[in-house]
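Enquirer: The structure's right below; bear with me while I get my questions together.
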Amino acid sequence: MNGFFALVGRDTRIALRQLSDTMMVIVFFVIAAALFPFGVGPEPNLLARMAPGILWVTALLAAMLSFDRLFQNDYDDGTLELLVIAPQPLWMTALAKIVAHWLTTGLPLLVASPVIGIMLILEPSSYGVLMLAMALGTAIISLVGALGAALSLGSRRSGVLLSLLVLPLVIPVLIFGAGAVDAVIGGFAATQQLLILGGLLMACLVVCPWGCAVALRLAAE
Amino acid sequence: MNGFFALVGRDTRIALRQLSDTMMVIVFFVIAAALFPFGVGPEPNLLARMAPGILWVTALLAAMLSFDRLFQNDYDDGTLELLVIAPQPLWMTALAKIVAHWLTTGLPLLVASPVIGIMLILEPSSYGVLMLAMALGTAIISLVGALGAALSLGSRRSGVLLSLLVLPLVIPVLIFGAGAVDAVIGGFAATQQLLILGGLLMACLVVCPWGCAVALRLAAE
Amino acid sequence: MDGFEGTGLACIRSDRIVFAGLDFAVSPGGALILSGPNGSGKSSLLRLMAGIASPAAGEIVWNGMPVSKDPERFFAQMHYVGHRDAVKAALTVRENLAFHAALRGGRAGRTETKSNIGTDINGDIDRALDNVGLAPLADLPARMLSAGQTRRLTLARILATPAPLWLLDEPTIALDYRAVDRLRAAIAAHRAGGGMIVASTNVPLGIDDAATIDLAAHAPEVDVVWGDDSDDPDTGNSP
Amino acid sequence: MDGFEGTGLACIRSDRIVFAGLDFAVSPGGALILSGPNGSGKSSLLRLMAGIASPAAGEIVWNGMPVSKDPERFFAQMHYVGHRDAVKAALTVRENLAFHAALRGGRAGRTETKSNIGTDINGDIDRALDNVGLAPLADLPARMLSAGQTRRLTLARILATPAPLWLLDEPTIALDYRAVDRLRAAIAAHRAGGGMIVASTNVPLGIDDAATIDLAAHAPEVDVVWGDDSDDPDTGNSP
Amino acid sequence: MLHRFANPTRFLRLANAVLPWATSLTVILIGAGLYFAFGASPADYQQGETVRIMYVHVPSAWMAMFAYAFIAVASAVGLIWKHPVAHVCALAAAPIGACFTVICLTTGSLWGKPMWGTWWVWDARLTSVLVLFFLYLGFIALANAFDDAARGEKASAILALVGAVNLPIIKFSVDWWNTLHQPASVTKIGMPAVHSSMLIPLLLMAVGFTMLFVVLVIVRARAELADRRINALRSARIHAETAQSGA
Ligand code: HEM
Ligand SMILES: Nc1ncnc2c1ncn2[C@@H]1O[C@H](COP(=O)(O)OP(=O)(O)OP(=O)(O)O)[C@@H](O)[C@H]1O
Ligand SMILES: Nc1ncnc2c1ncn2[C@@H]1O[C@H](COP(=O)(O)OP(=O)(O)OP(=O)(O)O)[C@@H](O)[C@H]1O
Ligand SMILES: [Mg+2]
Ligand SMILES: [Mg+2]
C-alpha cells in the first residue's frame, strides 16, 4: 500500500507542481465548449438543446488529451520497468496511476461542468444529475483510457486495437451520460441511465486495472 | 531542400508505421460528431442546421489530439538539437514538420468529413464547399497548432496548455469555415468566406513557420 | 539453499536466439560480471534476472525457490538499474529518490542484509544522496542535472533502500572517476554485508574476485558476427 | 585563418555561472579533449560550440568568421553527437541514418575535407554502417538495438556525411572495446584528412597528442566544487 | 551576476521615483471618480441606478484592451532589443490585464441580468472580450509553464505578438459572425450621446484605472526582480555548498 500512495502522490505532485496545470484542464474544457457557439451560431435555444452533448464531448476530449502521457513518460524513461518489478501487485500500481489521473483530470472536469452549463444555458434543474453522471462518467473514462494508454505502449498494431477496443467502450458513457441529462430536461427520471453508468463503472473497476497490468507487463518486456 | 523532403518523408513514415495516432484522431472525430444525434435527438432539420458547426468544431478538437506529439518526441530523444543545427533555415525545418503533420492528420480529417456530413444529414449541395473550406482550414490549423506545440515544448502538461494557446487563435477559422458551408446551404455564394480563409492561410504561412523556428531554437537551448 | 541461480537460460528477442544454455550462480557476498560485445545479450540477461522479461527456457531460483512461483517476494529483495535512468525531470532530486524508496519499501526485506542502515526512510534518503555527492543539489529539479549527476541519482536509489541483490546494467556509464570510486566502495560494503551483485560492464569495475560470464560464448553458432570477440583481453573483468 | 576558436566564453545555466573566461583553439588536424568531473560543464561547452545554445559572453569563430554571423554556413561544416542518441525506434537502422544524412546533406561541404568518400549517398550510408559493424542489422527497426548498437548508429551518422569538425560528447558511452577501437581509428583518419575534433570524455580516448581543457579550472571562484580535481591522473587524456 | 542583472538597477531607480506620484494620483482620481459616479451624477432615466455599473465596467473594458497592447509592445521590445526588464513588465502586466477583463465580464454580466434578463448572450462585443480573456489565460499559463523563467518569458512573448496580430482578426470575424446569425431581438449595447455629468466621472475613472495599472505593474515587476535575485543567490549558494562537500 505504501507504493500505492507513493505513486498516487508522485503523479498528482507532478501534475500539481504548479496549480495552473489542473486549472488548465478546466480552462481547456471551457474554451472547447465555447467553440460550439462559434460553429453553430449564438441562438440560445439551439445551444441549450446541444448543451448536454457538448458537455460530454468536450469532457471526454479533455480527458483524452491527458492520456497520451499517462504511461508514455514512464515507458520512455525506464520507470515502467521499475514499476513492473516493484514489490506490490501490478494491478495496484495501475490503479494508483488511474486514481492519480482521475484526481488531476476527472475531478477538475467535474468541478468545471456547471460553469459550462451556465455558458450553454443548460436547464437549471438538470445540474444535480449532470454532476452525478459526470462523476461516474469521468471515473469510467479514466479507467478505460488508462487501459487504452497501456495497450498503445510499444507495439504497433495496438494503436488500431486501441481505437477498436477503447473508443467503443467510451461511446456508451457518452450516450448514457448525455442521455441522463437529456432525460431530466425532458422531465423524466434519469435513474436508469445512472444505474447503467454505475454498472459500467463496476465492470471497468474489475477489468481495467487487471487489463492494464497485463498490458504494462507486456510493454516492459 | 533535401533536408525538407527527408523530414517530411521521415515524419509521414513514422506516422504510418504506428498508425495509432492517426487512427485516434479520425476515430475521435467520427465518434464525437456521431454523439450529437444522440444528444440532440434525431430530428433531421435541427441536425442539418447544426451540421456545419459540429463538423468544424469536432475536426478542430480532434486535431488538437495530434499536436502534443508533433515536436515532443524529437525533443525527448535529442533529434531537435540536430534539427536546430542542420544546415538549412530552421523555418524550413518547421515547415517540413507542419507539412508532414497536415499529410498525416489534416488530410485524413478532410477525407473523413464527408462521412460525417452524411451522418449529420448535411445538405448534399454543400459538400464541394465543405471540402474546399476544410482543406484551407485544416492547413491553417496545422500551422497554428505547430506554433502552439513549439511554444509549449518542454513545459508540463503540454497537451492541455497547447490547446489553451491554439484554440482561441483559430476561432476565425471556425467562424468562416462553418460560415462558408452555412452560406451554401442558405443559397448564397461562399466566395467571400473562402477568400478570407485563403487570406488567413497566407498570413499563417508567413507568421507560423517563423514563430515555430524561434520557439524551437529556444526549446533546444 | 541461499543465493541466486539460473540454469539453462535462453533468451529470444524478436525471433533471434540471443543466448541459450546459460547457467549462473551467485552466493551471498558474491559478485558476477557479465561481459561481451555490444548486442551480445548482457542487458537481456539482466532483465531476465530481474524478472522484467521471462526466459524462453530455463529457470531462475532465489534462495531455493523459483522466482516465477512468487515474483513479488523476489522483487522485494532486489534492485535493478537499467540503461535508462527513470528520473522525472519535473521532480526534485529528493522527491525522485523518495518516490523510488516508497515504491520499493512495500515489502522491502528490512532485516535481510546487514547493510541495512535504519528504519528512518528520510534519513536513508539523505544518507544516500550524501553518498553519491548530490546532497547539495537535493532540492533542484532533476531537469537541471548533468548526465553524470543523473546517473548518480539512479545509483542513490540502490543505497536508499536495502536489498540483498543488486542487478546493475553498466552502472559506470557517464560517471567520473570519483563517482566510480564511490560505487566501488559501495559495492564492496554491500558484499561485505552479505549482499550479492550482478553487473554488466564494458569498462573494468575493479572487482577482482568476481566470477565472469562471457555472453559471446553463449551465442548460438550461426551468429558469426560476434564470434571472434570472446577471447579478447580488453573486455576486462576476466578473473 | 583556418580553424575553430573561442575566446572569453561564459555559460550560465539557470542563473548559475558554469564556467567563464574560457578560451579554446583547434587547428586543422587538431584535437581537443574536454575533461572535468560530472557537472563541470563539458556538455554545456560542447553545446555552445555546436551553436545549440549561445554563450552568455564571448565569441566563437570558425575559419576566421564569427559563427553568429552565418550560423548555417558553420552548421554545414560540423557534426555534433550529444548524450542522447536521436534514434527513432520505429524506423529501421538504415532509414535512421539516411534521414540524418539527407538532413545534413543540405549544403554539406562535400569538398571541404579529404576524408570525403564519394557523392553517392547510399554508398556512403552502407559504408558507414559497415564501419560501425551494423551492416547486418541495417533493416531491423532501431527499437531492436541494444544500447551499444544504438550508440554505434549515432556514430555512423558522423561517418555518413563528411564534415571537417566533429563535436563529440562522451562518444564511447555504452561502446565495447572493439567499437571504441574503431572510433579511435575513425578519429585518426579524420584528423589525418585535416579534420578537427573536440570530445568530452570521462574515459581515456587514447588521443595522445590532443590538447586538454579541464573545465574544473574554469569554474568561477565561488564554485570551488571541482577545484581539487584538476590534477588527478585518472581523468585521463592530459598530454 | 552577469548582464541579466545589470540593467534592472536603472529600471528600479526610475520605478521608485514614479511610484509615490502614481499611487497618489490613483487614489485621488479614483476617489473623485467614485464620488461623482455615486454622488454627483444622476441615475439614468431608462436604466435607473444600475447605470452606475458603467463607471467600473467601461474603464475596465478599456483597460483590458490597453493592457494587452502594453504586453504586446513590451514583448516586442524584449524580443527585439533583448531587454530583460521588458519581459518582466509584460509578465507583471498580464494578470492585471486579466483581472480587468474579468471585472469587465462580471460587471457586464451583472448589468446584463437586469437589462437583458440573462447573464450571457453570444453578442459580438461580449464574445470578443471572452476571447481576449482566453488569450490572457494562455499567455499567463505559458509564461508559468517552465522551470526556466527565461524560457517562459520568451515563449510567451512570441505568443503575445501572434495574439496581437490575431486580435483584430478575431474581433472582425466575431462581428461578422454575429451579424450573420444573430436575430435582431437582442438589445444592442450602445449609448446615445453621453451627457457630461456621466462623461466626467467616466473619464476620471478611466485615467484613475490607468494609473492603478501603472502602480500595479511597477509593484509586481519590482517583486519579480527581487524574487529572481533571491533565486540567483540561492542557486549560487547551493553550488558553493557542493564545493565544500565535494562530489
Ligand atoms: C459580460 C458582458 C459585457 C461585456 C463583456 C461588455 C464589454 C464591453 C466592452 C469591451 C466595452 C468597451 C467598448 C469600446 O469602447 O470599444 C463596453 C462598453 C460599454 N458597455 Fe459593455 N459589456 C457587457 C455588458 C454590458 C451591459 C449589460 C451593458 C448595459 C446595457 C453594457 C453597456 C456598456 C456601455 C454603455 C459601454 C460604453 C459605450 C461605448 O463605449 O460604446 N455592457 N462593454
Ligand atoms: N537543463 C539544465 N538546466 C539548468 N542547469 C543545468 C541543465 N543541465 C545541466 N545543468 C547544470 O549545468 C552544469 C553543467 O552541466 P553539464 O551537463 O555541462 O556537465 P558535464 O560536464 O557534461 O557533466 P557530466 O560528466 O555529468 O555529463 C551542472 O552543474 C548542471 O547542474
Ligand atoms: N527491444 C528489443 N527487441 C528485439 N530485439 C532486441 C531488443 N533489444 C535488444 N535486442 C537484441 O537483443 C540482442 C541483445 O541485446 P542486449 O541489449 O541484451 O545487448 P547488450 O549485451 O546489453 O549490449 P550493449 O553492450 O550494447 O548494451 C541484440 O542483438 C539486440 O539486437
Ligand atoms: Mg546493454
Ligand atoms: Mg555531459
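Chains as they are written, first to last, in the working numbering: chain A, -9 to 211; chain B, -9 to 211; chain C, 130 to 368; chain D, 130 to 368; chain E, 9 to 255.
Idealized CB from N, CA, C, for every residue including glycine.
At a CB-CB cut-off below 8 Å, which residues of chain D make contact with E299(C)?
Expert: To locate residue 299(C), count along the third sequence from 1; it is residue 170. Within 8 Å Cβ-Cβ: A276 and A303.
Enquirer: Locate the alpha helix (DSSP H) running through S116(B), then write down its first and last residues.
Expert: Within the second sequence, the letter at position 126 stands for residue 116(B). No alpha helix (DSSP H) contains S116(B), which DSSP labels as neither H nor E.
Enquirer: R145(D) by DSSP, collapsed to three states: which one?
Expert: Position 16 of the fourth sequence, counted from the start, is the residue given in the question as residue 145(D). In the structure shown, R145(D) sits in a strand (DSSP, three-state: E or B).
Enquirer: Out of L266(D), D337(D), T330(D) and A271(D), which one is the CA nearest neighbour of D343(D)?
Expert: Translated into the one-based positions of the fourth sequence, residue 343(D) becomes position 214. Nearest option by C-alpha distance: T330(D).
Enquirer: Smallest Cα separation from F18(A): which of L157(B), G68(B) and I21(B)?
Expert: Counting from one through the first sequence, the residue named residue 18(A) turns up at place 28. Of the candidates L157(B), G68(B) and I21(B), the one whose C-alpha sits nearest the C-alpha of F18(A) is L157(B).
Enquirer: Shorter than 7 Å from the beta carbon of S143(C) to some beta carbon of chain D?
Expert: Taking the third sequence and counting its residues from 1, the one referred to as residue 143(C) is at position 14. True, the Cβ-Cβ gap to chain D drops below 7 Å.
Enquirer: Can S117(E) be considered in contact with ligand 1, in the sense that its beta carbon sits closer than 6 Å to one or more heavy atoms?
Expert: Residue numbering aside, residue 117(E) sits at position 109 when the fifth sequence is read from its first letter. Yes, ligand 1 has a heavy atom inside 6 Å of this Cβ.
Enquirer: Does the pairing of the region 36 to 44 of chain A with the region 106 to 121 of chain A give three or more beta-carbon distances under 8 Å?
Expert: These segments touch.
Enquirer: Please state the DSSP three-state secondary structure of T136(D).
Expert: Position 7 of the fourth sequence, counting from 1, holds the residue named residue 136(D). Note: T136(D) maps to strand in three-state DSSP.
Enquirer: Quick check on P400(C) - is its C-beta less than 7 Å from some C-beta in chain D?
Expert: There is simply no residue 400(C) to check, as chain C begins at 130 and stops at 368 in what is shown.
Enquirer: Under the assumption that Q78(A) contacts L143(A) (Cβ atoms under 8 Å), give the Cβ distance between them as a whole number of angstroms.
Expert: Against the first sequence, residue 78(A) aligns to sequence position 88. Against the first sequence, residue 143(A) aligns to sequence position 153. Actually they are not in contact, since the Cβ atoms of Q78(A) and L143(A) sit about 20 Å apart, beyond 8 Å.
Enquirer: Any heavy atom of ligand 3 closer than 6 Å to the CB of I273(D)?
Expert: Translated into positions along the fourth sequence, residue 273(D) becomes position 144. A small correction: the amino acid at residue 273(D) is Met; Ile does not occupy that position in the sequence shown. Indeed, a heavy atom of ligand 3 lies less than 6 Å from the Cβ.
Enquirer: Based on Cα-Cα distance, which residue from L190(A), T181(A), T128(A) and F166(A) lies nearest to H91(A)?
Expert: As a working note, residue 91(A) is residue 101 in the first sequence. With distances taken between Cα atoms, H91(A) lies closest to T128(A).
Enquirer: Which residues in chain A sit within 8 Å of Y209(C), going by Cβ to Cβ distance?
Expert: For the purposes of this step, residue 209(C) is taken as the residue at position 80 of the third sequence. Residues of chain A passing the Cβ test: E71, L72 and I75.
Enquirer: So for D67(A), helix, strand or coil by DSSP?
Expert: On the first sequence, position 77 is the one that residue 67(A) refers to. Three-state DSSP puts D67(A) in coil, outside helix and strand.
Enquirer: Near A237(C), which residues of its chain fall below 6 Å by C-beta distance, leaving aside the five closest residues on each side in sequence?
Expert: Stepping through the third sequence from its first residue, residue 237(C) is reached at position 108. Residue placement at A237(C) cannot be trusted, given a pLDDT of 36 that sits under 50; the coordinates are not used to answer.
Enquirer: Along chain E, in chain order, which residues have C-beta atoms closer than 9 Å to that of V15(A)?
Expert: For the purposes of this step, residue 15(A) is identified with residue 25 of the first sequence, where counting begins at 1. Simply none; closest approach about 11 Å.
Enquirer: Looking only at its own chain, which residues have a Cβ that is under 8 Å from the Cβ of G(-7)(B), when we skip the five neighbours before and after it?
Expert: The residue given as residue -7(B) occupies position 3 in the second sequence. Here the set comprises A76, P77, Q78, M82, T83 and A86.
Enquirer: So within the region 255 to 319 of chain D, which uninterrupted beta strand (DSSP E) runs reach at least 3 residues, ignoring any that extend past its ends?
Expert: The qualifying runs are 294 to 298.
Enquirer: I'd like the list of long-range same chain contacts for S83(E), defined as Cβ closer than 7 Å, with 5 residues on each side in sequence excluded.
Expert: Taking the first residue of the fifth sequence as 1, we reach residue 83(E) at position 75. A98, A165, A168 and L169.
Enquirer: Any C-beta of chain C within less than 7 Å: which residues of the region 138 to 155 of chain E qualify?
Expert: Here the close residues are D155.
Enquirer: By the 10 Å Cβ neighbour count, where 16 or more other Cβ atoms means buried, how is Q182(A) classified, buried or exposed?
Expert: Taking the first sequence and counting its residues from 1, one reaches residue 182(A) at position 192. So Q182(A) ends up on the exposed side.
Enquirer: Any Cβ of chain B within less than 7 Å of the Cβ of A163(E)?
Expert: For this step, residue 163(E) is matched to residue 155 along the fifth sequence. Chain B, which has a Cβ nearer than 7 Å to the Cβ of A163(E), makes this yes.
Enquirer: Am I right that I250(D) and A230(D) are in contact with their C-beta atoms under 8 Å? What's the rounded C-beta distance?
Expert: As a position in the fourth sequence, residue 250(D) is number 121, starting the count at 1. As a position in the fourth sequence, residue 230(D) is number 101, starting the count at 1. About 6 Å separates the two Cβ atoms, so the contact holds.
Enquirer: Out of F203(D), V216(D), I181(D) and M207(D), which has the shortest C-alpha to C-alpha gap to V74(B)?
Expert: For this step, residue 74(B) is matched to residue 84 along the second sequence. Among F203(D), V216(D), I181(D) and M207(D), the Cα nearest to that of V74(B) is on I181(D).
Enquirer: What would DSSP say about H91(E), mapped onto helix, strand or coil?
Expert: The residue labelled residue 91(E) in the question sits at position 83 within the fifth sequence. Of the three classes helix, strand and coil, the one that applies to H91(E) here is coil, per DSSP.
Enquirer: What did DSSP end up calling E33(B) once you bin it into helix, strand or coil?
Expert: Walking along the second sequence from the start, residue 33(B) turns up at place 43. Three-state result, E33(B): coil.
Enquirer: So A243(E) and D144(D) are in contact, right, with Cβ under 8 Å, and what is the actual spacing, rounded?
Expert: Your numbering for residue 243(E) matches position 235 in the fifth sequence. Your numbering for residue 144(D) matches position 15 in the fourth sequence. For clarity, residue 243(E) is Ser in the given sequence; the question names Ala instead. Yes, they are in contact, since the Cβ atoms of S243(E) and D144(D) sit about 5 Å apart, within 8 Å.
Enquirer: 7 Å is my cut-off, CB to CB: does A129(A) come that close to chain C?
Expert: If you number the first sequence from 1, residue 129(A) lands on position 139. Not closer than 7 Å to any Cβ of chain C, the Cβ of A129(A) fails to qualify, so no.
Enquirer: Closer than 6 Å to a non-hydrogen atom of ligand 1 - does that hold for the CB of V20(A)?
Expert: Along the first sequence, one-based indexing puts residue 20(A) at 30. For ligand 1, not one heavy atom lies less than 6 Å from the Cβ of V20(A).
Enquirer: Cα separation between L27(E) and I36(E)?
Expert: Start at 1 with the first residue of the fifth sequence, and residue 27(E) comes out as number 19. Start at 1 with the first residue of the fifth sequence, and residue 36(E) comes out as number 28. Their backbone Cα atoms lie some 14 Å apart in a straight line.
Enquirer: Can the beta-carbon of R320(D) be found closer than 7 Å to that of G158(D)?
Expert: Residue mapping note: residue 320(D) aligns to position 191 of the fourth sequence, counting from 1. Residue mapping note: residue 158(D) aligns to position 29 of the fourth sequence, counting from 1. It is a contact, given that the beta carbons lie within the stated cut-off.
Enquirer: Would you mind stating whether H7(E) and G86(E) have Cβ atoms separated by less than 7 Å?
Expert: Since the displayed chain E opens at 9 and closes at 255, residue 7(E) lies outside it and no answer follows.
Enquirer: Given a threshold of 16 other Cβ atoms within 10 Å of its Cβ, counted over all protein chains shown, does F57(B) qualify as buried or as exposed?
Expert: For the purposes of this step, residue 57(B) is identified with residue 67 of the second sequence, where counting begins at 1. That one is buried.
Enquirer: With a cut-off of 7 Å, does the C-beta of R59(B) fall near any C-beta of chain D?
Expert: Within the second sequence, residue 59(B) is the residue found at index 69, counting from 1. It does not; no Cβ of chain D falls within 7 Å.
Enquirer: Does the beta carbon of H212(C) come closer than 7 Å to any beta carbon on chain G?
Expert: Included in the structure are the protein chains A, B, C, D and E, with no chain G among them.
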